[in-house]
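**Student:** Got a structure for you, written out below as structure tokens; questions coming shortly.
Number of protein chains: 4
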Amino acid sequence: MNRLRYSVNLSYEIQDPTGDFLLIVEAAKTARQSVVSERLTLTPPVDAARYTDPLCNRLLRIRANKGPLAIRYEAVVDIDHRLDDGMSLTEVPVAELPFDVLSYLAPSRYCESDRMMEFAMREFGGMRPGYWRVYAIREWVRNHVRFLSRSTNERTSAIDTIVERTGVCRDFSHLMIAICRALSIPARMSSSVDYGADPAMGAPDFHAVVEVFLSGGWYLLDPSGVSIPTGLLRIGTGRDAADIPFAAIFGKVESKRPFIEIQPIADPAAGIGLPLATTSAISTW
Amino acid sequence: MNRLRYSVNLSYEIQDPTGDFLLIVEAAKTARQSVVSERLTLTPPVDAARYTDPLCNRLLRIRANKGPLAIRYEAVVDIDHRLDDGMSLTEVPVAELPFDVLSYLAPSRYCESDRMMEFAMREFGGMRPGYWRVYAIREWVRNHVRFLSRSTNERTSAIDTIVERTGVCRDFSHLMIAICRALSIPARMSSSVDYGADPAMGAPDFHAVVEVFLSGGWYLLDPSGVSIPTGLLRIGTGRDAADIPFAAIFGKVESKRPFIEIQPIADPAAGIGLPLATTSAISTW
Amino acid sequence: MNRLRYSVNLSYEIQDPTGDFLLIVEAAKTARQSVVSERLTLTPPVDAARYTDPLCNRLLRIRANKGPLAIRYEAVVDIDHRLDDGMSLTEVPVAELPFDVLSYLAPSRYCESDRMMEFAMREFGGMRPGYWRVYAIREWVRNHVRFLSRSTNERTSAIDTIVERTGVCRDFSHLMIAICRALSIPARMSSSVDYGADPAMGAPDFHAVVEVFLSGGWYLLDPSGVSIPTGLLRIGTGRDAADIPFAAIFGKVESKRPFIEIQPIADPAAGIGLPLATTSAISTW
Amino acid sequence: MNRLRYSVNLSYEIQDPTGDFLLIVEAAKTARQSVVSERLTLTPPVDAARYTDPLCNRLLRIRANKGPLAIRYEAVVDIDHRLDDGMSLTEVPVAELPFDVLSYLAPSRYCESDRMMEFAMREFGGMRPGYWRVYAIREWVRNHVRFLSRSTNERTSAIDTIVERTGVCRDFSHLMIAICRALSIPARMSSSVDYGADPAMGAPDFHAVVEVFLSGGWYLLDPSGVSIPTGLLRIGTGRDAADIPFAAIFGKVESKRPFIEIQPIADPAAGIGLPLATTSAISTW
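Residue numbers (the numbering used here), protein chains in the order written: chain A, 84 to 368; chain B, 84 to 368; chain C, 84 to 368; chain D, 84 to 368.
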């Protein structure tokens, strides 16, 4: 088990009489992730409506008046990913997928899998289905796209990335998701906070990774290869980035870049260690 | 109230040892649409798994063996759309939208609303919010796009349509949905069977239309302008066409074009009339 | 040397009072291709203005009145491609390229080389420059794109093809041209008539191939791999298909598909043989 | 007549053993623009090869060694645009266009006119042909696109701009060019240095504007509306920005933003005045 202390500070300056915010920044509560303690502070104090959707996304809706708005969330979170042997994981035929997983086969805003069928079949169609095919897709994306900050923007989709071959974690993930879906492997995006990111990547940040459905469960892979996946604290889960923006803002608002901190809390006596790299498949639900 | 007799025949030739099908062709059962009688016939007889999702889409999952597969569905369906006065309908601020409606503000595969913000604000931002603004969007789309069969394909999205200005009902709908979302008006697609289509459009076919969320409910508009909306029999409901293909096919399969029939059954004594054009807003749920 | 008899029949029905046509269908006259005899017949007889541009494209401009217009061109053409040893051909540094070749480094309508820099460098940047690198690009395109009639249209560009991986000769050529330019290798399109096309491709048709500039000259490669390049009769030369449409039509005109015939005329006594496959580099100017 | 003093400073740091540069920064010499004096200074002194193409673009080709490279060009330039009455200018039918103007009807990298036919015909097809239709296109672009620095990049094309409706001068120009070509009006891009730019636009910069072919000559329009067109000093002329980059760089080179100065030199005694706004059509050749 791993324990992480996470905090995020968001700062806004609302310029209209009121501004509306939909935020997904709180730690998700799932079978493998529990919140030990948490606190949300809004300055000035305003009401926040809360909603947790079926994917465990914890949506905060806030209406605030003209002027500054600061949002601070801090939490101590336990994560306990199960590690499975990739060799044992199989792709699930469409005929046997749970019905609520079928929607992760369809193309979405940033994952135009419908346009990548021929490519996916040519490149990966001949491989033996299973975790190692999925891992081969992850490796392909990691090896054919260059991590390049600010080379893309919030409109960039998998189509752009397969052409231009540069991007950030979100672009790597969208491309990997699109390829999986083109092969009829359900895939979706998880946004997380990344402990253990390559320091060359700079300050901690929200980090987008991929989940694929194999052998009845969702498994996590990081096609950008910059994180230690066992140290990922889950925030949101969705079909792609369009489903889980950390902040959707309505009205004229100036935003500062979010400030995020994350630290592991090791307590060997309690069986709590540091997140470590693993070659196992990481089961996230 | 209106009563419609609807049937669809699908014909496939499966070339792999097995083929998998996800079909959404049965009449939805909603508060405003009820199924009087129905029958599904599969030839050869094969098992079909059924699932009705939260949007009332009735998914059929079929695995069939090599060879021909014929699917026939026929039903008698009552629809009873409520007609409201458009003048009374208002847009709902983001701060007051039901949480499960928020996802219809996000961009999706065929409705890249995130790229149309400036256009939408310039063209419609100054109009008074409400049904008539939505109707103005419908009129704009109808007047700026030409209905042209076979000018587009299943990869065509709202971006393509705003550039090329030709398309079929699905393209009209994707563009209207994208514009609405860019203005923070929740919008989605309904696939239906169209009684009353302009005979110039040829044989009855699946018909894509738009639903927008106003004053707490969903209202139906047809931006292609070829249907009598009160005569639309609902099949599917989703964020866009990616969510509700009438047939998603996995494996090597030859398809024939679906053959659809639809007829009104008038029974004045029972208060059952013919679908009529209306200038009222049509509430669909 | 090879001798080919070529004819093309174009049929139009002009529906406006007049229709304007810009045609590039006549055999080009170059250092390696000479016209033994030719005849152009317009029915009804109308005036045709002629213009031969610096790339030897023979433009016909015709204004015709309402009604049918038939255009027949037939020619006997000698082609005498020089065969060079690919091993001896080198890429020319930008600093040494002829000035009038520089424009073939720039992106064009259907060859968005500016978006493929990273891809081209990753895939081909480490190879030794020269004919064999260009040949490797040709092989990559041939092996990663599927020839599929009617899978694309006249709006399809190299970007689409690298995503969707299907197309016809023109799409193969645009993709190869874009990759070459991304590596600073001048490349352009030649439209031709193809003797020796794989019969599976059907009737003779206009065929798009690629020319690259190496060692001071232009060399021809066919990335779709369906032709015998020594049997290609040159019609047009340009940056991409936008420069050399066989017919640009202005006004409301109904077109029939062009009907093309091409046959080799062998005359061994005169040293005239049949076009043969070759592994040599084919110098076209 | 107007006289302008223009200078540009370019600063590079070459990181490979050598770097190659293709520059188009010198004042064009045309029938309406003459160079009174000019000086090019390269530091360190390196050879520059020169080439003036048929469109009067003055290409400089430079190969420099590792280390810093500074390029300074300064000139005094007289411009004498002829002002014509727009009412007298007509569109030229395709059948009567000079042959070397026909290429400005074709789509190009950043001006995908082939995808905008329906839009152009709907919006402008019913207007009376001539200068005022062209002016209406200019007004449409200016009124439907927002000038927004850094909202676009060097990959942005007319398709993107008609969707996203933001951009800089180059984007405005590409969109206007595409619309003109879709209506069979020859159009191309001129890059210039802008005296008289709205000071809100910041320091002087290269400025992209449009030329259209009417009544036998080329006329200049600025769809971004930020310049005084009579004060534009011509640098380059081409089908779109792909033809006339002010600097194309080959090799690993760090670039600073070019520093440009431009000032009018008034000398009333010699008949040399300040550039003034005009409602006349500006003939540029």
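The C-beta atom is built at its ideal place from N, Cα and C for all residues, glycine as well. Just so it is clear, the structure is predicted and the values come from calculations on it, not from any experiment.
Can you tell me where the alpha helix (DSSP H) holding D:E206 begins and where it ends?
**Tutor:** First-last of the alpha helix (DSSP H) with D:E206: M200 to F207.
**Student:** If contacts are defined as beta-carbon pairs under 8 Å, then A:Y95 and A:E157 qualify, I think. What distance do you get, rounded to the angstrom?
**Tutor:** That belief does not hold up - the Cβ atoms of A:Y95 and A:E157 are roughly 18 Å apart, past 8 Å.
**Student:** Which residue spans inside the region 165 to 237 of chain A form an unbroken alpha helix (DSSP H) run of at least 4?
**Tutor:** Within the region 165 to 237 of chain A, the complete alpha helix (DSSP H) runs of at least 4 residues are 200 to 207 and 214 to 227.
**Student:** Are A:I365 and A:Y278 close, meaning C-beta to C-beta below 8 Å?
**Tutor:** No; because the gap between Cβ atoms is not below 8 Å, this pair is not in contact.
**Student:** Tell me, which residues are paired with A:Y95 by DSSP?
**Tutor:** Bridge partners of A:Y95: A:L152 and A:S338.
**Student:** Specify, as a first and last residue, the run of the beta strand (DSSP E) that A:M272 falls within.
**Tutor:** It spans A270 to D277 - the beta strand (DSSP E) in which A:M272 sits, taken as one unbroken run.
**Student:** Is A:R253 close to chain B? Criterion is C-beta to C-beta, closer than 8 Å.
**Tutor:** Answer no: the Cβ-Cβ gap between A:R253 and chain B never drops below 8 Å.
**Student:** Taking Cβ-Cβ distances shorter than 9 Å, what residues in chain A pair up with B:D326?
**Tutor:** Result: S186 and A189.
**Student:** From the DSSP output, in three-state form, read off A:A313 for me.
**Tutor:** Looking at the sequence provided, one finds Thr at residue 313 of chain A rather than Ala. Helix at A:T313.
**Student:** When the Cβ atoms of the region 254 to 265 of chain D are set against those of the region 197 to 213 of chain D, are three or more pairs found closer than 8 Å?
**Tutor:** The answer is yes - the region 197 to 213 of chain D touches the region 254 to 265 of chain D, with three or more Cβ pairs under 8 Å.
**Student:** Check whether chain B comes within 8 Å of A:E378, counting only Cβ atoms and requiring the distance to be less than that.
**Tutor:** This structure cannot speak to residue 378 of chain A, because chain A is shown only from 84 to 368.
**Student:** Leaving aside the five residues before and after C:S274 along the sequence, list all residues of the same chain whose C-beta is less than 6 Å from its C-beta, in chain order.
**Tutor:** F289, A291, I318, G319 and I327, listed in sequence order.
**Student:** Using a beta-carbon distance below 8 Å, is C:F202 in contact with chain A?
**Tutor:** Answer yes: the Cβ-Cβ gap between C:F202 and chain A drops below 8 Å somewhere.
**Student:** Quick one: what's got a C-beta closer than 8 Å to B:A131's C-beta in the same chain, skipping five residues either side?
**Tutor:** Around B:A131: L123, L125, L143, R144 and I145.
**Student:** Just to confirm, are B:A325 and B:Y193 a CB contact at a threshold of 8 Å?
**Tutor:** Yes; because the gap between Cβ atoms is below 8 Å, this pair is in contact.
**Student:** Put B:E247 into one of helix, strand or coil per three-state DSSP.
**Tutor:** B:E247 falls in the helix class under three-state DSSP.
**Student:** For C:G102, does the count of other Cβ atoms within 10 angstroms reach 16, so buried, or fall short, so exposed?
**Tutor:** The residue in question, C:G102, is buried, as its Cβ has 16 or more Cβ neighbours within 10 Å.
**Student:** My output table needs one value for C:I260: the three-state DSSP class, helix, strand or coil.
**Tutor:** Three-state DSSP puts C:I260 in a helix.
**Student:** If we cut at 8 Å on Cβ distances, does C:H257 have a partner in chain A?
**Tutor:** No, C:H257 does not count as interfacial toward chain A.
**Student:** Establish whether the CB of A:E222 and some CB of chain C are separated by less than 8 Å.
**Tutor:** Taking Cβ atoms only, chain C never reaches closer than 8 Å to A:E222, which makes this a no.
**Student:** Quick check: what's the CA-CA separation for A:F182 versus B:A330?
**Tutor:** The alpha-carbon atoms of A:F182 and B:A330 are separated by roughly 15 Å.
**Student:** Name, going along the chain, the residues of the region 90 to 107 of chain D whose beta-carbon falls closer than 7 Å to a beta-carbon of chain C.
**Tutor:** The residues in question are D103 and L105.
**Student:** My output table needs one value for A:D326: the three-state DSSP class, helix, strand or coil.
**Tutor:** Here A:D326 sits in helix by DSSP.
**Student:** Indicate the three-state DSSP secondary structure (helix, strand or coil) for A:R253 in the structure shown.
**Tutor:** Note: A:R253 maps to helix in three-state DSSP.
**Student:** Starting from C:F333, find everything on chain D with Cβ-Cβ shorter than 8 Å and list it in chain order.
**Tutor:** Those within 8 Å of C:F333 in chain D are V177 and S267.
**Student:** Give the residues of chain C in contact with A:M199, contact being defined as C-beta atoms less than 9 Å apart.
**Tutor:** V246, E247 and R248, listed in chain order.
**Student:** Less than 8 Å between C-beta atoms, sequence neighbours within five positions excluded: which residues of the same chain meet that for C:V293?
**Tutor:** Correct list, in chain order: R221, S256, M259, I260, C263, A270, R271, M272, S273, L303, L304, D305 and P306.
**Student:** Just to confirm the assignment, what range does the beta strand (DSSP E) spanning C:W301 have?
**Tutor:** Residues G300 to L304.
**Student:** Does chain B have any CB closer than 8 Å to the CB of A:F296?
**Tutor:** A:F296 does not count as touching chain B.
**Student:** I'd like to check one pair, C:P341 with C:N140: are the Cβ atoms closer than 8 Å?
**Tutor:** No.
**Student:** Taking the alpha-carbon positions, what's the A:V119 to A:S310 distance?
**Tutor:** When rounded, the distance between both Cα atoms is 23 Å.
**Student:** Hey, does A:H164 have any beta-carbon neighbour from chain C nearer than 8 Å?
**Tutor:** No - not a single Cβ of chain C is within 8 Å of the one on A:H164.
**Student:** Hey, how far is the Cα of A:V160 from the Cα of C:T239?
**Tutor:** One C-alpha to the other measures close to 50 Å.
**Student:** Can you tell me whether DSSP reads D:P351 as helix, strand or coil?
**Tutor:** Note: D:P351 maps to helix in three-state DSSP.
**Student:** Starting from the beta carbon of C:I242, find every residue of chain A whose beta carbon is closer than 7 Å, and list them in chain order.
**Tutor:** Within chain A, the residues near C:I242 are V246.
**Student:** Just to confirm before moving on: does the CB-CB distance between B:I107 and B:G334 stay below 8 Å?
**Tutor:** Not closer than 8 Å, so no.
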